[in-house]
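Notes follow once the structure below has been shown.
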């Protein structure tokens with residue numbers, strides 16, 4: 001599943017995939033694959049991305065379960 005939340009957060013900060021990748025020490029291809037849903041990043045990488053974008057893990061990586069029962 002595509003990670004549009006990550007893409008939009010990156011764009012809100014005015015960062016290209018290359019700029020974000022350089023800031024967190026990965027390749028542009030890694031960022032592109034995460035956004036495309038083709039790569040499952042480690043927790044360490046998720047945290048680095050969140051810190052750089054000023055977001056929480058929930059903001060960028062939590063997938064809402066539409067079948068979750070209401071409380």
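In the working numbering, the protein residues as written are 1 to 71. Glycine included, every Cβ here is placed at the ideal spot set by N, Cα and C. The structure presented is a predicted model; accordingly, all values stated were derived computationally and were not measured.
With distances taken Cα to Cα, identify the nearest neighbour of residue i among the options.
i: residue 44; options: 29, 10 and 56; result: 56
i: residue 22; options: 39, 48 and 54; result: 48
Could you check what DSSP says for residue i in three-state terms: helix, strand or coil?
i: residue 33; result: helix
i: residue 64; result: coil
i: residue 38; result: coil
i: residue 70; result: Legend: pLDDT at residue 70 = 48, less than 50; position of this residue unreliable, no value from coordinates given.
i: residue 1; result: coil
i: residue 7; result: helix
Output the boundary residues of the alpha helix (DSSP H) element that contains residue i.
i: residue 19; result: 17-24
i: residue 44; result: 43-53
Report the CB separation of residue i from residue j in whole angstroms; it is logged as a contact under 8 Å.
i: residue 87; j: residue 28; result: The structure shown does not extend to residue 87, since the chain is modelled only from 1 through 71, so no value can be given for it.
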